[in-house]
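Chemist:
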């Protein structure tokens, strides 16, 4: 059975993770579960940047992939980066089993605005679906409404939907089988 497993680490709201799990099951038409396993991202922390390396976190996550995990999604409140960018909302193993997303820069509070749980939930879903899309070997899409559109700012995330466009959708569901 195909299953998306969620691996929360760091202090992240359990209800937010539960909502994401249910939303991902709906989007991909597969089962989803939240793992009790814990990930220690300390070795991925870069004190000079004050951020965690998403690439190193993906390597740590690989140890948690089991035969039951068709896809493994890490969810964290930590700020993530890759060396060539100031920050990333997430990263995935292209064509692999693991992806990670960060809620850090998806919150309104990060931008000095009041807490908006519905907006955070929508943004987190879009980024999770986007990163999982990369695990299906999808690249960025030119359709700005497609969930696979590139996002370098939350404003771009807010413009897109949580759905795959007509060109990307068949590529994903050829693998999913729905």
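Residue numbers (our numbering): 395 to 572. Note that CB positions come from ideal geometry on N, CA and C, so glycine has one too.
My parser needs the alpha helix (DSSP H) runs of 4 or more residues fully inside the stretch 442 to 500; what are they?
Modeler: Complete alpha helix (DSSP H) runs here, min 4: 448 to 455.
Chemist: Could you check where the alpha helix (DSSP H) with residue 563 kicks off and where it finishes?
Modeler: First-last of the alpha helix (DSSP H) with residue 563: 563 to 570.
Chemist: Give me the DSSP bridge partner(s) of residue 535.
Modeler: Answer is 543, bridged to residue 535.
Chemist: Mapping DSSP to helix, strand and coil, what is residue 557?
Modeler: Of the three classes helix, strand and coil, the one that applies to residue 557 here is coil, per DSSP.
Chemist: Compute the distance between the beta-carbons of residue 505 and residue 541, then report whether it is under 9 angstroms.
Modeler: Contact: no.
Chemist: Using DSSP bridges, identify the partner residues of residue 398.
Modeler: Note: residue 398 sits in a beta bridge opposite 426, 465.
Chemist: Let's test the definition: count the other Cβ atoms within 10 Å of the Cβ of residue 489 and tell me whether it reaches 16, buried, or not, exposed.
Modeler: The residue is exposed, with fewer than 16 neighbouring Cβ atoms inside 10 Å.
Chemist: Nearest CA to the CA of residue 484: which residue from 525, 455, 519?
Modeler: Per the Cα distances, 525.
Chemist: On the three-pair Cβ rule with 8 angstroms, is the stretch 457 to 468 touching the stretch 497 to 516?
Modeler: Not touching, per the Cβ criterion.
Chemist: Out of 404, 529, 557, which has the shortest C-alpha to C-alpha gap to residue 537?
Modeler: The shortest C-alpha separation from residue 537 is found at 557.
Chemist: Applying the 10 Å Cβ sphere with the 16-neighbour rule, what's the burial state of residue 461?
Modeler: Residue 461 is exposed by the Cβ-count criterion.
Chemist: Rounded to the nearest angstrom, what separates residue 480 and residue 516 at their Cα positions?
Modeler: Going by the C-alpha atoms only, they are around 23 angstroms apart.
Chemist: Given residue 470, which residues of its chain have a CB within under 6 angstroms of its CB, disregarding the five upstream and five downstream residues?
Modeler: Around residue 470: 403, 404, 496.
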